[in-house]
Amino acid sequence: MRKKMKMGLGFKITCGYLIVILCLLLSFTILKNQVASLQKDRNYIIHHDIQVHDLTNQIEKYLLDMETGQRGFIITGESSYLEPYNSAKAKWENDYNRLYNLSSDNPNQQEKLKEMKVTIEHWIQTAGEPTVLLKKENKTRELQEFFKVDPGHQDMNKMRKQLNTFLTTEKQLTQKKATQLDNQNRTIALAIYGLFLLVTLISIGLAMFISKSIVSTIKEVTRTIKSIASSKGDVKGRIVVNTNDEIKELGQATNELLDSVEKREWIQTNLADTVTTYQGISSIDILAERFLFTIANVTQSSLGTFYIRHENDKDIQFTRQAAFADSANHEVGRKSFILGQGLIGQCALEKRVCVINDIPANYRLITSGLGEVAPHSILIAPILFQDEVIAVMELASLTTFTDLQQDLITQVLETFGLTINSVMTRMEIAELLKESQAMTEELQAQSEELQTQSEELQMQSEELRTINEQLEERTRDAEEKAKELERAKRDLEIKAEELTLSSGYKSEFLANMSHELRTPLNSILILSEMLAENLAKTLSDDEEEYARIIHSSGKDLLALINDILDLSKVEAGKLDVLLGEMNLSELPTQLERNFTHIANQKEIEFRVIKASDVPDLFHTDEKRLQQIVKNLLSNAFKFTENGSVTVHIKRVKEKQVTEMMRRIDIDCWLEISVADTGIGIPKEKHGLIFEAFQQGDGATVRKYGGTGLGLSICHEFTKLLGGWITVSSKVGKGSTFTLYLPSLLNGLVDYEKLNVAYEEVAASTMIEVEVEVEDEADSQLEKSVLNEQHGDNVFQGKRVLIVDDDQRNIFALKAALAKQGMTIITAENGIECLEIMQANEQIDLILMDIMMPQMDGYEAMQKLRKDLHVTDLPIIALTAKAMKKDREKCLDAGASDYISKPLDLNQLFSVMRVWLV
122 MRKKMKMGLG
132 FKITCGYLIV
142 ILCLLLSFTI
152 LKNQVASLQK
162 DRNYIIHHDI
172 QVHDLTNQIE
182 KYLLDMETGQ
192 RGFIITGESS
202 YLEPYNSAKA
212 KWENDYNRLY
222 NLSSDNPNQQ
232 EKLKEMKVTI
242 EHWIQTAGEP
252 TVLLKKENKT
262 RELQEFFKVD
272 PGHQDMNKMR
282 KQLNTFLTTE
292 KQLTQKKATQ
302 LDNQNRTIAL
312 AIYGLFLLVT
322 LISIGLAMFI
332 SKSIVSTIKE
342 VTRTIKSIAS
352 SKGDVKGRIV
362 VNTNDEIKEL
372 GQATNELLDS
382 VEKREWIQTN
392 LADTVTTYQG
402 ISSIDILAER
412 FLFTIANVTQ
422 SSLGTFYIRH
432 ENDKDIQFTR
442 QAAFADSANH
452 EVGRKSFILG
462 QGLIGQCALE
472 KRVCVINDIP
482 ANYRLITSGL
492 GEVAPHSILI
502 APILFQDEVI
512 AVMELASLTT
522 FTDLQQDLIT
532 QVLETFGLTI
542 NSVMTRMEIA
552 ELLKESQAMT
562 EELQAQSEEL
572 QTQSEELQMQ
582 SEELRTINEQ
592 LEERTRDAEE
602 KAKELERAKR
612 DLEIKAEELT
622 LSSGYKSEFL
632 ANMSHELRTP
642 LNSILILSEM
652 LAENLAKTLS
662 DDEEEYARII
672 HSSGKDLLAL
682 INDILDLSKV
692 EAGKLDVLLG
702 EMNLSELPTQ
712 LERNFTHIAN
722 QKEIEFRVIK
732 ASDVPDLFHT
742 DEKRLQQIVK
752 NLLSNAFKFT
762 ENGSVTVHIK
772 RVKEKQVTEM
782 MRRIDIDCWL
792 EISVADTGIG
802 IPKEKHGLIF
812 EAFQQGDGAT
822 VRKYGGTGLG
832 LSICHEFTKL
842 LGGWITVSSK
852 VGKGSTFTLY
862 LPSLLNGLVD
872 YEKLNVAYEE
882 VAASTMIEVE
892 VEVEDEADSQ
902 LEKSVLNEQH
912 GDNVFQGKRV
922 LIVDDDQRNI
932 FALKAALAKQ
942 GMTIITAENG
952 IECLEIMQAN
962 EQIDLILMDI
972 MMPQMDGYEA
982 MQKLRKDLHV
992 TDLPIIALTA
1002 KAMKKDREKC
1012 LDAGASDYIS
1022 KPLDLNQLFS
1032 VMRVWLV
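Residue numbers (our numbering): 122 to 1038.
As C-alpha cells, then:
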C-alpha cells in the first residue's frame, strides 16, 4: 500500500487560503485565455496536422527507398543501390520519433505508430539486413531459399496498410477537431460563468473540510486518552487517527508507549506466575515437570522436553527429566546427550538460546487426538548457574516463537538456574543425611559386634600363639620347598628353551629340505612333462610312457613333501585357518569332476548325494575342508577294487546335536560321510590309522602304497575346524568315514593359537592356493596352451632373461620356453643380471630365482627398480624355499608376480601371458 503523504496543520491552512486565491485568479483569467485559446487551437490544428501528414509521407518514402535499394543490390550486386537503402535506414527513425511525439495527444495513434515501428524493424532484421549480408557473402543459394518464403513481402504489405490506416485516422481527427472548435465557441461563455460558480463552491467546501478534520482529530485523541486514564490499569485501548499530520504522530507515540507498557506488564505477570508455580518444591522431577508445563502453556508450545546435567568420571551427560505432551511410549526427545552432540548439545556447549523456524516436513510430528502435524518453530534454551549449563530445555510450537515470548523465557531462565541448583543441593543433602543415619545405625551395630569379637579375639589370641609357633615351623619347611621349586622352574625353563631351539631347527630343516627337494624336482617335472608331450615325435610309445611315469612319480613326491610340511605345521601350531563362506551347492559338482575319471578307470560306481536341508553357504576354511574330503575319497578309491564309493552330505538333525556341540556352534552342523565297498579296516586298527605314517598293516603298504599321512592330516585339519572324524568299518565289507563340522560364524573354537603367523614353517601350499585353479580350468588352460603352440602365439619372438644358479633349472626352462618361440638369455646370479640389463639388452620379461650366491633375487630386483630405473619390465620371482611372507617380500622388492617351485608349465605360461599381453 502506498504510504500516505504527511500533511501538517499549517500546511492544511495555507493550502486552503491558496486554493481560494487561485480560484479567484482563475475566474478572472479564464475569460481572457479562452479567446486566445480558441485561436491558438485552430492554428495548432492547421500546423500540427500538416506536419503529421508530411512526416507520414516521408516515412513511406523511406520504406520505398529501402525496399528498392535492397532489391536492386540483390539483383545487380552493385553497391550503389545500397546508398538509398542505407540513407533511408539511417533517417526514418528520426522522422518516426518526431511523428510519435506529435501524436502524443492521441494514444491510439501512438499505438499504431508502435506497431508500424515493430513491423519496420522486423523487416530490416529479417528481410533487409540478412539478404544484404547474404548478397555480400555471395550466398546465392541461401538467398534463393530466402525468397522462396520472402517474409519481407508480408511486412511491406503490412506497413503500407498501417500507413494508410494512420493517415485516414489523422484526417478524420482533423475534421473532428474543427467541428469541436466551432461548438466550443458557442459554449465557452456559459462555461466561464459555470466555472466561476464551481470554483467558489469548491473553495468554501475545502475551507470547511480542513477546519473540521483538525477539530475532529483533536477530539478523538482527547477522548481516547481520557478512556485509558479512567480504565484503572487497562492499557489495551489504542488511539486511532486517520489523518497524517502532527496529531497522528502524537497518537502513534502514545500507542508505542502503551505497547511497551503492555509487553512489560505481560512479561512481569507471567514471570511472577511462573516463579510462583515452582516455589517450595524439593524434588527435581516435580520441579522439571511443573516448570516445563507452565512455560509451555505461556509460550503456546505444543511439545517440550527438559534435560538435567549429570556428571560422572568420564564425561558430562544431560538426561531427560521431564516431557510435555509426551506419548504413551515416552518417545519425546532423545534420552540423553553430551555437550556438542547434536544441535541441542551444541547450544549447551555455546551457552546460547537457539530458535529455528521453517522446520522440515520429516521432523518429529506433534500428535493429538485427531492426528499428527509438524511443528513450525523450535526453541532450545540452556539454563545456567554460575556460568555453567546445569539444564537444557527444548520447546516445539505450531507457530513462530515471538520476541516477547523469547524475552520471557530469557528472564525466567536467569533465576531458574539458581532454583535448580538449590533443589539439587537440597536433594543431595537429604540423600547424604539418609546415608549418614544409615551409617550411624550400622556403626552402632558394628560397635556391638566388635565388642563381642574383641572378647572372642582375646580367647583366640592364646590359640594363635600356639598356631603361630606351628606356622613358623611350616614356613621354614615351605621356604625349603620354594627353593626346590625355583630350581625345578629354572630346569624347566632351560628345557623349554632347548625345545624352542629344537623346534626352530626342525622348522629350518623342513624349509631347507623343501628347497633342496623342490629344486631338482622342478627340473624333473618340467623335463618329464616336455618328454611326455613328445611334440617333436622323436620318442617311442614306451619312452613316452617312461616320461609320464617319471612325471607322475615327481608329482607324488611333491604331494608327499606338501603332506609332511602340512603335518609339521599342524604339530607346531603354526597353520593358519582362513575362515570364509563356502558354497556347498558347488561341492558335489567339484567332487564329481575330480574323481569321476578315477571311478571310470576302476569301473567303480561313484555317487555324491546332497540332502535338501543342507544350506548353500557354510562358514569354514574351504581349502582345508576340500583337502579333507579329497583325502578321504582318494583312500576310498585306492582301497576299493569293485563296488561303489558314495559321498553323503547332510545337515545334522536337531535331535542329534548334543549339548557340547551346541556350545561350539548353534547355527549349523554338517555331516559328510565317505562310504566304500573296499577291503575294510580291522576294528583294533581304527585308532591307529589316524596316527602319522600308520596304515592298517604292512601288507596294505606293500599292495596299495602310500605314506600313512593322509588320514593323520585329515584328523588334524578336522580338529582345527572344530569338528571330528569317526570311522565304521568291517574287513572285506568296506569302510565309512564320517566328518562332523560346525559352521564357524564366530571364528575358531578354542584354537586362538592358530591365529599366530608361522614365519618359521614352510608355506608353499599356502602360497600355491593363491594361484590355484580348478581342474576344469587347468584342463581348459592346457588346451589353450596347446592351441597357441599351433596358432597365434603371444610368446613368439619375446626375449626372456632367466636368472638362476641351478643349471638344471636353466636347462629345463630354456628348453620349455624355446619351444614357444622365445629367445632365452641366462644369468647365474644377480650381478650377471644387472650387467646384462646395463648392456641395454632388449628384454621383454625376467624369470628371477631368489636363493642365489653373491647377489640374491631380492637385492637384484631392488637394484633393477631403484638404481637402473627399470620400472615397466615384468619380473616373475621363482623360488623353492617358500615361507609365508616370501610372496610379500618379493613384491616389496620389485617383483611383478610370484610362482613357487616346482613349476607348473601351464601356470608359468599363464602368468607370463598376462604380463606379456
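We put the beta carbon where it would ideally sit given N, CA and C, even for glycine.
By the criterion of a C-beta distance shorter than 6 angstroms, Gly273 is surrounded in its chain by Trp244 and Ala248, once the five residues flanking it on both sides are discounted. Annotation: the continuous beta strand (DSSP E) that includes Asp970 extends over Leu966 to Asp970. Using a 10 angstroms sphere on the CB of Tyr138, the tally of other CB atoms stays under 16, which defines it as exposed. By the Cβ test, the segment 522-542 is in contact with the segment 388-405, since at least three Cβ pairs between them sit closer than 8 angstroms. It is roughly 50 angstroms from the alpha-carbon of Glu250 to the alpha-carbon of Asp303. With respect to the 8 angstroms criterion, Ser457 and Arg441 are classified as neighbours on the basis of their beta carbons. Non-local beta-carbon contacts of Thr520 in its own chain, meaning distances under 8 angstroms to residues more than five positions away in sequence, involve Gln421, His497 and Ser498 in chain order. The shortest CA-to-CA distance from Asp508 to any of Lys472, Leu516 and Glu569 is the one to Lys472.
When Cβ pairs closer than 8 angstroms are counted between the two stretches, the segment 394-404 is seen not to touch the segment 500-515, the count staying below three.
For His243, the enclosing alpha helix (DSSP H) has its first and last residue at Pro228 to Trp244. For the pair Leu255 and Gln301, the Cα-to-Cα distance works out to about 54 angstroms. For the set Arg608, Ile331, Ala732 and Thr321, the Cα lying nearest the Cα of Leu143 is the one of Thr321. A check of alpha carbon separations from Ala796 across Lys806, Val915, Val544 and Lys854 identifies Lys854 as the nearest. Assigned with DSSP and collapsed to three states, Phe838 falls in helix. For Ile931, the enclosing alpha helix (DSSP H) starts and ends at Gln928 to Ala939. Secondary structure note for Met703: its beta strand (DSSP E) is the uninterrupted segment Gly701 to Asn704. In the three-state DSSP reduction, Phe330 falls in the helix class (H, G or I).
Listed in chain order, the beta strand (DSSP E) elements of length 3 or more contained wholly in the segment 720-797 are 726-731, 738-741, 765-772 and 790-797.
In this structure, Ile770 sits away from Ala720, with a CB-CB distance that is not shorter than 8 angstroms. DSSP, reduced to helix, strand and coil, places His990 outside both helices and strands of the structure shown, so it counts as coil. The three-state reading of DSSP puts Met580 in helix, counting H, G and I together. Leu999 sits away from Met958, with the two beta carbons spaced by 8 angstroms or more. In the assembly as shown, Lys610 is an exposed residue. Its beta-carbon has fewer than 16 other beta-carbons within 10 Å.
Under the three-pair Cβ rule at 8 angstroms, the segment 973-991 does not count as touching the segment 931-940. Taking every protein chain shown into account, the CB of Cys136 has fewer than 16 other CB atoms within 10 angstroms, so this residue is exposed. A straight line joining the alpha-carbon of Leu318 with that of Ile325 spans about 11 angstroms. According to the DSSP secondary-structure assignment, Thr859 is paired through a beta bridge with Ser794 and Thr847.
Taking C-alpha positions only, Thr398 is separated from Phe537 by approximately 12 angstroms.
Membership of Pro503 in the beta strand (DSSP E) is indicated by the continuous run Ser498 to Phe506. Residue pairing by DSSP places Gln438 opposite His431 and Ile459 in a beta bridge.
The residues Leu460 and Gly461, in chain order, have a CB closer than 6 angstroms to that of Leu470 in the same chain once the five nearest residues on each side in sequence are set aside. In the three-state scheme derived from DSSP, where H, G and I count as helix and E and B as strand, Arg473 is classed as coil.
With contacts defined by Cβ atoms closer than 8 angstroms, Arg920 and Ile952 do not form a contacting pair. Apart from sequence neighbours up to five positions away, the residues of its chain that approach Val533 with a beta-carbon distance below 7 angstroms are Leu392, Thr395 and Ile416, ordered along the chain. Comparing C-alpha distances from Ser208 to each of Met782, Gly190 and Gln748 shows the shortest one belongs to Gly190.
Taken atom to atom, the span from the alpha-carbon of Glu576 to that of Glu584 is near 13 angstroms.
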